[in-house]
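First up is the structure itself, then whatever we jot down about it.
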Amino acid sequence: MDLSSINPILLLASLMVAATPILLAAIGELVVERAGVLNLGVEGMMITGAVCGFAFATITGSPWLGFVAAALGGAALSLLFGVLTQYLLTNQVATGLALTLFGLGLSALIGQGYIGIKAPAFPDIHVPLLGDIPVIGPIIFQHDPMVYIGLALVAGTYWFLHKTRGGLILRAVGENHDAAHALGYKVIKVRLLAIMFGGACAGLGGAYLSLVRVPQWTEGMTAGAGWIALAIVVFAGWKPWRLLLGAYLFGGVTVLQLNLQAAGVAVPVEYLSMSPYLATIVVLVIMSSGRAPGSLGRIFHASR
Amino acid sequence: MLMLEKRSNPSRGWTYASPIVAVILTMILGGIVFAILGKPPLETIRTIFFDPLFSEFAWFYRPQLLIKGAPLVLIAIGLSFGFRAGVWNIGAEGQYIMGALGAAAVGLAFYPTDSWIVFPLMIIAGTLSGILWAMIPAVLRVKFKTNEILVSLMLVYVAERFAASMALGAMRNPDGMGFPGSRNLSQYPSAANLEIFAGSGMHWGVVAAFIAVIFAYVTLSRHILGFQVRLAGQSPRAAAFAGVNPARLILICLGISGGLAGMAGMFEVAGPLGQVNVGFNVGYGFTAIIVAFLGRLHPVGILLAGGLMALTYIGGEIAQSNLGLPSAAIQLLQGMLLFILLMVDVLANYRIRFAAGEK
Chain A
62 MDLSSINPIL LLASLMVAAT PILLAAIGEL VVERAGVLNL GVEGMMITGA VCGFAFATIT
122 GSPWLGFVAA ALGGAALSLL FGVLTQYLLT NQVATGLALT LFGLGLSALI GQGYIGIKAP
182 AFPDIHVPLL GDIPVIGPII FQHDPMVYIG LALVAGTYWF LHKTRGGLIL RAVGENHDAA
242 HALGYKVIKV RLLAIMFGGA CAGLGGAYLS LVRVPQWTEG MTAGAGWIAL AIVVFAGWKP
302 WRLLLGAYLF GGVTVLQLNL QAAGVAVPVE YLSMSPYLAT IVVLVIMSSG RAPGSLGRIF
362 HASR
Chain B
-11 MLMLEKRSNP SRGWTYASPI VAVILTMILG GIVFAILGKP PLETIRTIFF DPLFSEFAWF
49 YRPQLLIKGA PLVLIAIGLS FGFRAGVWNI GAEGQYIMGA LGAAAVGLAF YPTDSWIVFP
109 LMIIAGTLSG ILWAMIPAVL RVKFKTNEIL VSLMLVYVAE RFAASMALGA MRNPDGMGFP
169 GSRNLSQYPS AANLEIFAGS GMHWGVVAAF IAVIFAYVTL SRHILGFQVR LAGQSPRAAA
229 FAGVNPARLI LICLGISGGL AGMAGMFEVA GPLGQVNVGF NVGYGFTAII VAFLGRLHPV
289 GILLAGGLMA LTYIGGEIAQ SNLGLPSAAI QLLQGMLLFI LLMVDVLANY RIRFAAGEK
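Protein sequences, first through last, are from chains A and B.
Position 166 of the first sequence, counting from 1, maps to 227 under my numbering, and the rest follow consecutively.
Position 102 of the second sequence, counting from 1, maps to 90 under my numbering, and the rest follow consecutively.
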């Protein structure tokens, strides 16, 4: 065992990369849940995004087009959930589970021809000046663009939810859909838009796994990342900034256990690779105190 | 314009009809998917849904129906209790794995002792392991209000990795020339879950599944626990007034589903599967969720739904070897079935009205 082989700067830098897919998926789900909808299909939308993104990126040779396709794929799948839960008034928990099972099957089917292929490279950007700062530069300012897009999405979501009229309406719909409906807001329309935003974000998160983090396509490659994203939304108490903390905490555990594996710690690999899941449970136990949006998971049916 | 109007009571007719309508719609949509994949749609549908029962080789496939159906029915029966009461155990796959490991541990510890006691002990160990694994989300939910959906699901991944470490470490077959995986329990007579009538597919897990169906039917329709489960699901407030203790109900629901999932794991590891190995679980715990919903959370319905789902597994394998249908297509078909079922269900709870403007 050689713990000195772990470079703290590289560790923190890869922490940001490890946190990004979860962060992307979680910020989308946060908006969905703030609108009062519980979409348990994050895992299914993520893996669909992963395969759509990978397929498009390898066909076109452009990772950017891959990410666009992933967002569209995730949004399309989420629309299915949206129509079922909003128009056909199905149980959200059951529908979300169906979405996950469906997405896993769909992605495996689409991905058959893409196993063992390498994704086109997605180069890191070196932020001028800031990237040259010692220690902080390599940790924060030398990543691929999606890391910053993820951060921008968190900031943008915070701004939208708390500083704009649209955000106020969305939160009103999530807190009490009957009151929002009485005020004349289009509950179903707001929720459908939120659901599609969530799907697009989950798709991006999945594509980040298949295009940057791994970068390959394998069946079931999300390995619970979508569920961890759901857990981090609870951990964050439905607040965008705390989401960042949760995602980095999770990224830290993941990266640390990978580094410990590489350093040859005496603990078997299987036990180390349990740690992100166990950490998620611990975090859920400690932080289950946040107040959920009032109408979360409840079916809205306008009575006349 | 089409409008949905809530029915005061779910339509009885649609409650029974919607699973059948959903299966037919799934066949049609599945046929379209198969056509897109370049397979003959009608032949593929026939291969999946009819050949295992009625083709000239059906004598070979019919026993498989029992073997594949038993774990699905066992797990789904357990899940139906929780799903009715609003306790969402999504981690049956993990409880299944732990049940298999617990049973295998007992079986391997006794190897090669020849005694009748080994098999019953394995059943107990498997069931207890499943219960204990399910008690983690149950206790966390009761004590800390932690979401049981997420915890039980996280524990699936933990259990998978634990199984891998067992297959590579403590339970590895000492005579296995270094290959991963435990001794084959189905070749150890005292521990083997053998067919009761040779060639019938009827092993002890199938018997257990039938007993579970009867037990669940009696409990849900005749016992106070069944009443409480149904009440808590339909109206938590009314349940509180009726003196239902929610914490106790959560523990019981997760306990039942965990125990039955663990038992299913035991029968698999001692019989059809034979050994603990890396990635030995094949997703029965997740497919059982579909079975539970397709069966309307009703014991008899679950029995029928389990049979149907087993059919798609076996038919899928036949279609895979005869027509080159990818195995993922079956997974997609199963997911589609649940989707369509939920969609058709709207007709049971709501009435469609053609509204012309203001009423």
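Beta carbons: idealized from backbone N, C-alpha and C, even for Gly.
Computed from a predicted model, the values in this text were never measured in an experiment.
Under 8 Å between C-beta atoms of residue i and residue j
{"i": "A/L265", "j": "A/A286", "result": "no"}
{"i": "B/L116", "j": "B/G95", "result": "no"}
{"i": "A/L76", "j": "A/V316", "result": "yes"}
{"i": "A/A340", "j": "A/F296", "result": "no"}
{"i": "B/G303", "j": "B/T134", "result": "no"}
{"i": "B/L330", "j": "A/A137", "result": "no"}
{"i": "A/A241", "j": "A/G89", "result": "no"}
{"i": "A/V154", "j": "A/L91", "result": "no"}
{"i": "B/G70", "j": "B/S245", "result": "yes"}
{"i": "B/V264", "j": "B/A92", "result": "yes"}
{"i": "A/L272", "j": "A/A180", "result": "yes"}
{"i": "A/E280", "j": "A/A169", "result": "yes"}
{"i": "B/A58", "j": "B/G193", "result": "yes"}
{"i": "B/A80", "j": "B/V279", "result": "no"}
{"i": "B/G82", "j": "B/A147", "result": "yes"}
{"i": "A/T377", "j": "A/A111", "result": "Because residue 377 of chain A is not part of the residues shown, which for chain A are 62 to 365, the question remains open."}
{"i": "B/N181", "j": "B/G66", "result": "no"}
{"i": "B/A179", "j": "B/M254", "result": "no"}
{"i": "B/A196", "j": "B/L62", "result": "yes"}
{"i": "A/A263", "j": "A/M107", "result": "yes"}
{"i": "B/E136", "j": "B/N233", "result": "no"}
{"i": "A/A233", "j": "A/Y246", "result": "yes"}
{"i": "B/L242", "j": "B/V106", "result": "no"}
{"i": "A/S139", "j": "A/M257", "result": "yes"}
{"i": "A/L167", "j": "A/T109", "result": "yes"}
Element boundaries [beta strand (DSSP E), containing residue i]
{"i": "B/F342", "result": "Y338 to F342"}
Environment of residue i [buried if 16+ CB atoms lie within 10 Å]
{"i": "B/M165", "result": "exposed"}
{"i": "A/A371", "result": "Residue 371 of chain A cannot be examined here, being either before or after the span of chain A that is shown, 62 to 365."}
{"i": "B/D102", "result": "exposed"}
{"i": "A/W220", "result": "exposed"}
{"i": "B/F185", "result": "exposed"}
{"i": "B/V206", "result": "exposed"}
{"i": "B/G312", "result": "exposed"}
{"i": "B/I119", "result": "buried"}
{"i": "A/H223", "result": "exposed"}
{"i": "A/A80", "result": "buried"}
{"i": "A/V78", "result": "buried"}
{"i": "A/T225", "result": "exposed"}
{"i": "B/F342", "result": "exposed"}
{"i": "B/E346", "result": "With a pLDDT of 45 at B/E346, under the threshold of 50, the modelled position of that residue is not reliable, and no figure is offered here."}
{"i": "B/I202", "result": "exposed"}
{"i": "B/F327", "result": "buried"}
{"i": "B/A235", "result": "exposed"}
{"i": "A/L162", "result": "buried"}
{"i": "A/W288", "result": "buried"}
Sheet register partners of residue i (DSSP bridge)
{"i": "B/K(-6)", "result": "B/Y338"}
{"i": "B/E31", "result": "According to DSSP, which records beta bridges pairwise, B/E31 is partnered with nothing at all."}
{"i": "A/Q277", "result": "A/K179"}
{"i": "B/E183", "result": "B/H191"}
Enclosing alpha helix (DSSP H) for residue i [first to last residue]
{"i": "B/R210", "result": "W192 to R210"}
{"i": "B/S153", "result": "E136 to L156"}
{"i": "A/D205", "result": "Run containing A/D205: none; DSSP gives neither H nor E here."}
{"i": "B/Y272", "result": "Y272 to L282"}
{"i": "A/K250", "result": "V248 to Y269"}
{"i": "A/G122", "result": "From DSSP, A/G122 is part of no alpha helix (DSSP H); its letter is neither H nor E."}
{"i": "B/K131", "result": "V106 to F132"}
Nearest residue (CA-CA) to residue i, options the options
{"i": "A/L133", "options": "A/F115, A/L145 and A/L150", "result": "A/F115"}
{"i": "A/K300", "options": "A/Y338, A/M257 and A/R352", "result": "A/R352"}
{"i": "A/W302", "options": "A/W125, A/A169, A/Y338 and A/G211", "result": "A/G211"}
{"i": "B/L299", "options": "B/A235, B/F48 and B/L(-8)", "result": "B/F48"}
{"i": "B/A249", "options": "B/R50, B/G283 and B/A113", "result": "B/A113"}
{"i": "A/M207", "options": "A/A363, A/A86 and A/P69", "result": "A/A86"}
{"i": "B/S170", "options": "B/Y301, B/M159 and B/Y176", "result": "B/M159"}
{"i": "A/I347", "options": "B/L335, B/L242, B/K131 and B/G221", "result": "B/K131"}
{"i": "A/D205", "options": "A/L333, A/A182 and A/L140", "result": "A/A182"}
{"i": "B/Y176", "options": "B/R149, B/D163, B/V139 and B/G262", "result": "B/G262"}
{"i": "B/A220", "options": "B/I238, B/Y4, B/R210 and B/S209", "result": "B/I238"}
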